[in-house]
Amino acid sequence: MRGLRWRYTQLPSQPDDPLPGETEAEAEAETVPTAQDPDTEEAWVPTLGESKVLHVEEFRQLVPHFPPRFTGHSWTLVYCTERDGFSLKSLYRRMEGQSSPVLLALRDRDGQIFGAFSSTALRVSSCFYGTGETFLFSFSPQLKVFKWTGSNTFFVKGDLDLLVMGSGRYAFYKPSRDSEVSCSHSLPLLRDTAAGTLPPP
């Protein structure tokens, strides 16, 4: 028996039609600019905080890939190795009480930036968690986004010794026994990590 396969297809943006009885001027007045609106893209700059890994331009490139309900918000830097050290336990402690999505960004020894977006906060768990909104990304040097293929539901798994994202064949993982991160085929990476979350609504 063959399993179902899923793929995301990005649909072109559709302009919102005014509601019956609503004038076009009223409809335009209620339009809220977002990062995905081509007319306001230059005016909207996401607030990222003090990340040492991601800069505003890279963050701006990632925003269109976020689920729509997470765009247009400022982000808070929750964990940074420069400030919080290199312990995986510290990352989990900083994530306690967070319920908002997480953007995890890492930089390797060659200066390449990669990471993941998780629609849920990172936590210790005995099983995989997350949703199909989870995706991985890489700037090498152009942005590449790796979205859910639908072949499994293994998105994120965290325990005291390991953080895994993009599973089946792990896209990257962080063992706690040393302070290096590994990516795909055990590529050693620098310990420069930033994790940010949305503030509570």
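Those letters in the sequence shown? Residues 1 to 201, by UniProt numbering. For each residue, glycine too, the CB sits at the ideal point set by N, CA and C. Owing to the predicted nature of the structure, the values given are computational and were not obtained by experimental measurement.
- prompt: Which same chain residues, not among the five before or five after Tyr92, have their C-beta less than 6 angstroms away from its C-beta?
  reply: Val124
task: Note down the Cα distance separating Ala35 from Trp75, rounded to an integer number of angstroms.
output: Reliability of the predicted coordinates at Ala35 is poor, the pLDDT of 43 falling under 50, and no value is obtained from them.
- prompt: Do Leu162 and Phe146 have their CB atoms nearer than 8 angstroms?
  reply: no
task: Between the Cα of Gly158 and those of Arg109, Phe128, Phe59 and Phe86, spot the shortest distance and give me the residue it belongs to.
output: Phe128
message: Once the 5 residues before and after Ala25 are set aside, which same chain residues still bring their CB inside 6 angstroms of it?
response: Low confidence applies here, because Ala25 scores a pLDDT of 42, under 50, leaving its location unreliable; read the following figure in that light. Counting only Cβ-Cβ distances below 6 angstroms, and skipping sequence neighbours, we find nothing.
task: Would you please state the rounded distance, in angstroms, between the beta carbons of Pro101 and Phe139? I believe it to be under 8 angstroms.
output: Going by Cβ atoms, the distance from Pro101 to Phe139 rounds to 20 angstroms, so no, they are not a contact pair.
query: Does the beta-carbon of Leu103 have 16 or more other beta-carbons within 10 angstroms, so that it is buried, or is it exposed?
result: buried
task: Could you pull the start and end residues of the alpha helix (DSSP H) that Thr81 belongs to?
output: Thr81 to Asp84
task: Look at the alpha carbon of Gly72 and the alpha carbon of Phe117, and state the distance between them as a whole number of angstroms.
output: 16 angstroms
Pairwise C-alpha distance: Ser151 and Ser119: 19 angstroms
- prompt: The beta strand (DSSP E) with Ser118 in it runs from where to where?
  reply: Ile113 to Ser118
query: CB of Gly97 to nearest heavy atom of the ligand SAH: below 7 angstroms?
result: Judged by which ligands are present, the structure shown has none, so any question about the ligand SAH falls away.
message: Rounded to whole angstroms, what is the Cα-Cα separation between Arg83 and Gly97?
response: 19 angstroms
query: What whole-angstrom Cβ distance do Gly130 and Val156 have, given they're in contact under 8 angstroms?
result: 4 angstroms
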